[in-house]
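Trainee: I'd like to ask you about the structure that follows.
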Amino acid sequence: MTVQTFDFEKPILDLEKKVADARAKAEDGPPEAKQRLKRLERELEKTRVNIYANLKAWDRVLFARHPDRPRALDYIEAITTEFVELHGDRLFGDDKAVVCGTARFGGNPIVVVGQQKGRDTKENVTRNFGMMHPEGYRKALRVMRLAEKFRMPVLIFLDTPGAYPGLGAEERGQAEAIARNIQEMFNVKVPIICVVIGEGASGGALGVGLADRLLMMENAWYCVISPEGCAAILWRDGEENRPRAAEALKLTAADLMELKMIDEIVPEPLGGAHRFPQEAFEAVSRAVEKNLKELGAMEQSELMEARYAKYRQMGEFDEL
Amino acid sequence: MSWFRRPTPEYITINPPQQRERIGRHVWHKCEGCGTVLRRKEWENNWKVCPVCGEHDRITADERIRLLIDENSLEETNANLVSSDPLKFTDTKSYPDRIAAARQKTGRNDAVITGRATIGGVPVSLAIMDFAFMGGSMGSVVGEKIARAMELAIAEDRVCITLAATGGARMQEATFSLMQLPKTCLLCKRMQDTGTPFISILTDPSTAGIMASFASLGDIIIAEPGAYVGFAGKRVIEATIRQTLPPDFQTSEFVQEHGFIDLVVKRSDMRDALITLLRQIRHMEALPPEEDAAAPTPEQS
Numbered sequence: 034m035t036v037q038t039f040d041f042e043k044p045i046l047d048l049e050k051k052v053a054d055a056r057a058k059a060e061d062g063p064p065e066a067k068q069r070l071k072r073l074e075r076e077l078e079k080t081r082v083n084i085y086a087n088l089k090a091w092d093r094v095l096f097a098r099h100p101d102r103p104r105a106l107d108y109i110e111a112i113t114t115e116f117v118e119l120h121g122d123r124l125f126g127d128d129k130a131v132v133c134g135t136a137r138f139g140g141n142p143i144v145v146v147g148q149q150k151g152r153d154t155k156e157n158v159t160r161n162f163g164m165m166h167p168e169g170y171r172k173a174l175r176v177m178r179l180a181e182k183f184r185m186p187v188l189i190f191l192d193t194p195g196a197y198p199g200l201g202a203e204e205r206g207q208a209e210a211i212a213r214n215i216q217e218m219f220n221v222k223v224p225i226i227c228v229v230i231g232e233g234a235s236g237g238a239l240g241v242g243l244a245d246r247l248l249m250m251e252n253a254w255y256c257v258i259s260p261e262g263c264a265a266i267l268w269r270d271g272e273e274n275r276p277r278a279a280e281a282l283k284l285t286a287a288d289l290m291e292l293k294m295i296d297e298i299v300p301e302p303l304g305g306a307h308r309f310p311q312e313a314f315e316a317v318s319r320a321v322e323k324n325l326k327e328l329g330a331m332e333q334s335e336l337m338e339a340r341y342a343k344y345r346q347m348g349e350f351d352e353l
Numbered sequence: 003m004s005w006f007r008r009p010t011p012e013y014i015t016i017n018p019p020q021q022r023e024r025i026g027r028h029v030w031h032k033c034e035g036c037g038t039v040l041r042r043k044e045w046e047n048n049w050k051v052c053p054v055c056g057e058h059d060r061i062t063a064d065e066r067i068r069l070l071i072d073e074n075s076l077e078e079t080n081a082n083l084v085s086s087d088p089l090k091f092t093d094t095k096s097y098p099d100r101i102a103a104a105r106q107k108t109g110r111n112d113a114v115i116t117g118r119a120t121i122g123g124v125p126v127s128l129a130i131m132d133f134a135f136m137g138g139s140m141g142s143v144v145g146e147k148i149a150r151a152m153e154l155a156i157a158e159d160r161v162c163i164t165l166a167a168t169g170g171a172r173m174q175e176a177t178f179s180l181m182q183l184p185k186t187c188l189l190c191k192r193m194q195d196t197g198t199p200f201i202s203i204l205t206d207p208s209t210a211g212i213m214a215s216f217a218s219l220g221d222i223i224i225a226e227p228g229a230y231v232g233f234a235g236k237r238v239i240e241a242t243i244r245q246t247l248p249p250d251f252q253t254s255e256f257v258q259e260h261g262f263i264d265l266v267v268k269r270s271d272m273r274d275a276l277i278t279l280l281r282q283i284r285h286m287e288a289l290p291p292e293e294d295a296a297a298p299t300p301e302q303s
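Here the protein sequences come in this chain order: W and Y.
My numbering numbers the first residue of the first sequence as 34 and each following residue consecutively.
My numbering numbers the first residue of the second sequence as 3 and each following residue consecutively.
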C-alpha cells in the first residue's frame, strides 16, 4: 500500500527505507549490521519526533485532508456497535454527505452524526466530498431531536471543507438551515460531544458543531475560512500565501486550545491518524468515554446552563 | 491588402474618464441600475433610490437610523466596545491598522450601532450594521453588541430589530468571529423562549456568516428590493458548479420566491411597514399615516 506523503516527511521516509534495508541485512548478518540497524532505528525515532512534533499549521492542514485519513464512518465502525443509519430530512431528501443514526458506545445507546467524505473519486461524488446541503443539516437536526426524545447523548464527527456552494443549496436555504440548526442545538437537552476529525470549515461545520464538549484531533483544523480562501481574499494571490494564512488564522488544535475555543486535543500517533488509524480510534474512544461520563453526571438544567454560558462568553474585546 | 490593415489612429484624449466622472458629482448622480442622470439632491432626498428604475443604492448606518426611527429617539448603547486583536493578525496590513482606518472613515468603533429607540411610538432595541466599516463584517465586538441588543430587548420587553449590511465574518478574528454565530443564535433562542418579537431586515449585501446566524432567524424577515442576499459567494458557486447563474440569483426577490423572506419592502415604505407590523405585534391601535408626525426626511435635522 502506498500512502500519500508530503515534502516535510521526506527525511523520515528516507530513513524508513534505510531501516528496512538494514533490517534485511541484519537478519543472520554480522553483529555490525545489527548495530547499524539499532542506530538507524534510534535516528528514525528521533527524526520522527522532531518533525511531527514541530508541524507547521499548513502541514497539519495537509494532514487533515489526507486521502487515507479515517473518515466519520471509520470511527463509527471502530468505536461504536450496532450502528443503525437513519435517512432523510422528511422535507426534501437524504443528504449523503452526512450520516446519522443510533448506535451503542460502551454498551450505552447514543445518537451519531458524522460528516462523511469519500475514500476514492466515486465515493466522494456520492458523499459530495463531505459538503452538506440544507437537507443534510435538517436531517441531522431531526435525528438530534430524536436523541433528546430517546434520552441518548449525541456524538458528532466533523469533517467538511464547507457547506456546499451550489444553486440548489442556495434555493433551499443553506444559510437558514445552518442558522436554524445552531439555534435549535441550544434546545437539544442531552449531552453533545463533537470531535473535529479532519477539516472543520466555518459555518459548514458549525451547522452540526454546537457542543458541550468540542474535541479536536491533533492534526485537524477548524476555522472561519479555509487558508486558501483567506489567502485569496487578504493577500489577493494564492499558493505561496496559503501557509502564511494558515499560520495567521490560528486554526490548529494547539492554537485553539490555547485560545480556549476547544475543550480537548485528541492526540494522534506520530505520523498522523492516516498512518496508524487503530491508535487514532483508541484515542478518540478514550476521550469520548471520559467526556460522556463527565457530562452524564450533570443534571439536565446544569448541562444546558453550562452550554449557554460556554457560547455566551465567546469573543475577545475591550471596553473603553 | 493594405486597405485592410488600418493604421493605428492617434487619439487625443481630452478628458481621462475618471476625471470626467468627477466633474459635477456633487450636482449629478448617474444611476447604477439604469444609467439615468439624476439631480443628486433629489436622489438623496429620495433616500438614494432611483425614481426611474427603483435601484436602491447603499446608504450609511446613520441614514438608516434617520430613515427608520422616530426623530431623535435613539439612545445608543455599548458604543465603547472595541476590538482587542486577540490573534495579533497581520496580512498585508495589521488588523489594528485596518480598524483604525475604518474608525477614521466611519467615526464608529465597529460595524454595528445598537441602542434603544422608538418606531411609531413602539419601543425597540436596534442593531444596525454599517457596511462602511470593514464591509460590515462580524467580529467579537459586532457579535457581542448584537447579543447585548437582544438581551436588552428581552430585559425591557422591546421588539428587537436587526438590520444586516454585511459581507459576513471578520476574517482577522478567525474562530472568534465564527463563534459569534452561536452566540447570536443563542440569544435568538432566548428571544423565542421569552416571547420577544424579532424582526430581521436584510439590505444590500446580506451574506455568509450573518445569514447563517441571527439574520435568518427573525420572526419576520424583510428585505430591500434587489439586495444581494445569500450564503455562498456567487463566484464561488459559479466556479463550483461551472454554470453561469441567472441574473436574479441571490436577490431579495429570488430568496423570497424560495420561501426564506416574508416581505420585500421599498426603502421609502420601510418605516410605514415597520410601524404597521410593530403596532399589530404589540396590540396597539393603528397609526394613520398622516398622523406620523415623527416621519423623517433624509436631511439631517
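For glycine and all other residues, C-beta sits at the position ideal for the given N, C-alpha and C.
Candidates Gly35(Y), Leu247(Y) and Val84(Y): which alpha carbon is nearest Gly235(Y)'s?
Mentor: If you number the second sequence from 1, residue 235(Y) lands on position 233. For the residues Gly35(Y), Leu247(Y) and Val84(Y), the minimum Cα distance to Gly235(Y) belongs to Leu247(Y).
Trainee: Once you ignore the five residues that flank Ile112(W) on each side, which residues in its own chain have a CB closer than 8 Å to its CB?
Mentor: Translated into positions along the first sequence, residue 112(W) becomes position 79. Same-chain partners within the cutoff: Phe138, Phe314, Val317, Ser318 and Val321.
Trainee: Sort Asp40(W), Arg269(W) and Pro198(W) by Cα distance to Ala234(W) and report the nearest one.
Mentor: For the purposes of this step, residue 234(W) is identified with residue 201 of the first sequence, where counting begins at 1. Nearest of Asp40(W), Arg269(W) and Pro198(W) to Ala234(W), Cα basis: Pro198(W).
Trainee: With Pro103(W) and Ile143(W) assumed to form a contact (beta carbons below 8 Å), what rounded beta-carbon distance in angstroms separates them?
Mentor: As a working mapping, residue 103(W) is identified with position 70 in the first sequence. As a working mapping, residue 143(W) is identified with position 110 in the first sequence. Not quite, the Cβ-Cβ distance comes to about 19 Å (not below 8 Å), so this is no contact.
Trainee: Can the beta-carbon of Gly305(W) be found closer than 9 Å to that of Asn220(W)?
Mentor: Within the first sequence, the letter at position 272 stands for residue 305(W). Within the first sequence, the letter at position 187 stands for residue 220(W). No.
Trainee: In whole angstroms, what is the alpha-carbon distance linking Leu46(W) and Gln216(W)?
Mentor: In the first sequence, residue 46(W) corresponds to position 13, counting from 1. In the first sequence, residue 216(W) corresponds to position 183, counting from 1. Between the alpha carbons of Leu46(W) and Gln216(W) lies a gap of roughly 47 Å.
Trainee: Can a CB atom of chain Y be found closer than 9 Å to the CB of Cys263(W)?
Mentor: To locate residue 263(W), count along the first sequence from 1; it is residue 230. Chain Y, which has a Cβ nearer than 9 Å to the Cβ of Cys263(W), makes this yes.
Trainee: Among Ala157(Y), Ala166(Y) and Arg160(Y), which one has its Cα closest to the Cα of Phe135(Y)?
Mentor: Within the second sequence, the letter at position 133 stands for residue 135(Y). Shortest Cα-Cα distance from Phe135(Y) to any of Ala157(Y), Ala166(Y) and Arg160(Y) involves Ala166(Y).
Trainee: Distance cutoff 9 Å, beta carbons only. Does Ser303(Y) sit that close to anything in chain W?
Mentor: Working through the second sequence from its first residue, we reach residue 303(Y) at position 301. Residue confidence for Ser303(Y) is low, a pLDDT of 44 falling below 50, so the modelled location carries little weight and cannot support an answer.
Trainee: Does the ligand NAP have even one heavy atom less than 8 Å from the beta-carbon of Val143(Y)?
Mentor: Here there are no bound small molecules, and the ligand NAP is not part of this structure.
Trainee: Pull the bridge partners of Val176(W) from the DSSP assignment, please.
Mentor: Position 143 of the first sequence, counting from 1, holds the residue named residue 176(W). DSSP lists no partner for Val176(W).
Trainee: When the Cβ atoms of the segment 76–84 of chain W are set against those of the segment 269–285 of chain W, are three or more pairs found closer than 8 Å?
Mentor: no
Trainee: Return the residues of the segment 117–133 of chain Y that lie within a Cβ-Cβ distance of less than 9 Å from chain W, sorted by chain order.
Mentor: none
Trainee: Using only CA atoms, which one of Leu188(W), Phe183(W), Val223(W) and Ala90(W) lies nearest to Val132(W)?
Mentor: Along the first sequence, one-based indexing puts residue 132(W) at 99. Nearest option by C-alpha distance: Leu188(W).
Trainee: Quick one: measure Cβ to Cβ for Ala84(Y) and Val143(Y), integer angstroms, because I've assumed they're closer than 8 Å.
Mentor: Position 82 of the second sequence, counting from 1, holds the residue named residue 84(Y). Position 141 of the second sequence, counting from 1, holds the residue named residue 143(Y). Per the sequence shown, the amino acid found at residue 84(Y) is Val instead of Ala. 6 Å between Cβ atoms; contact.
Trainee: Since Trp91(W) is in the beta strand (DSSP E), which residue starts that stretch and which ends it?
Mentor: Taking the first residue of the first sequence as position 1, residue 91(W) is located at position 58. No beta strand (DSSP E) contains Trp91(W), which is instead part of the alpha helix (DSSP H) from Ala90 to Ala97.
Trainee: Which same chain residues end up closer than 6 Å to Thr2(Y) when comparing Cβ atoms and leaving out the 5 residues on each side of it in sequence?
Mentor: Outside the shown range of chain Y, which is 3 to 303, sits residue 2(Y), and nothing can be said about it.
Trainee: In whole angstroms, what separates the C-alpha of Pro64(W) from that of Lys71(W)?
Mentor: For this step, residue 64(W) is matched to residue 31 along the first sequence. For this step, residue 71(W) is matched to residue 38 along the first sequence. Going by the C-alpha atoms only, they are around 11 Å apart.
Trainee: Using only the alpha-carbon positions, how far apart do Ser78(Y) and Thr116(Y) sit?
Mentor: Within the second sequence, numbered from 1, the residue matching residue 78(Y) stands at position 76. Within the second sequence, numbered from 1, the residue matching residue 116(Y) stands at position 114. The sequence given here places Glu at residue 78(Y); Ser does not occur at that position. Straight-line measurement puts the Cα of Thr116(Y) at about 6 Å from the Cα of Glu78(Y).
Trainee: Just to make sure I have the definition right: I need the residues of chain W whose C-beta is within less than 7 Å of the C-beta of Ala214(Y). Which are they?
Mentor: For the purposes of this step, residue 214(Y) is taken as the residue at position 212 of the second sequence. Residues of chain W passing the Cβ test: Ala208, Ile211, Ala212 and Gly236.
Trainee: Hey, Ile130(Y) and Ala63(Y) are a contact pair by Cβ (cut 8 Å); roughly how many whole angstroms apart?
Mentor: The count along the second sequence starts at 1 and reaches residue 130(Y) at position 128. The count along the second sequence starts at 1 and reaches residue 63(Y) at position 61. The pair is a contact, with the Cβ atoms about 5 Å apart (cut-off 8 Å).
Trainee: With 8 Å as the C-beta to C-beta threshold (strictly closer), list the residues of the segment 243–264 of chain W near chain Y in chain order.
Mentor: Leu243, Tyr255, Cys256, Val257, Ile258 and Cys263
Trainee: For Met3(Y), count neighbouring Cβ atoms within 10 angstroms of its own Cβ and tell me buried if that reaches 16, exposed if not.
Mentor: Position 1 of the second sequence, counting from 1, holds the residue named residue 3(Y). Unreliable placement is indicated for Met3(Y), whose pLDDT of 45 sits below 50; the coordinate value is still reported in the next sentence. Counting other Cβ atoms within 10 Å of its Cβ, Met3(Y) stays below 16 and is therefore classed as exposed.
Trainee: Would you list, in chain order, the members of the segment 316–349 of chain W that have their beta-carbon closer than 8 Å to a beta-carbon of chain Y?
Mentor: Cβ contacts with chain Y come from Tyr341, Tyr344, Arg345, Met347, Gly348 and Glu349.
Trainee: Express the C-alpha separation of Thr193(W) and Gly126(W) in angstroms, rounding to a whole number.
Mentor: Looking up residue 126(W) in the first sequence gives position 93. Looking up residue 193(W) in the first sequence gives position 160. Between the alpha carbons of Gly126(W) and Thr193(W) lies a gap of roughly 20 Å.
Trainee: Does the segment 225–242 of chain W come within contact of the segment 175–188 of chain Y, defined as at least 3 CB pairs closer than 8 Å?
Mentor: Short answer: they touch.
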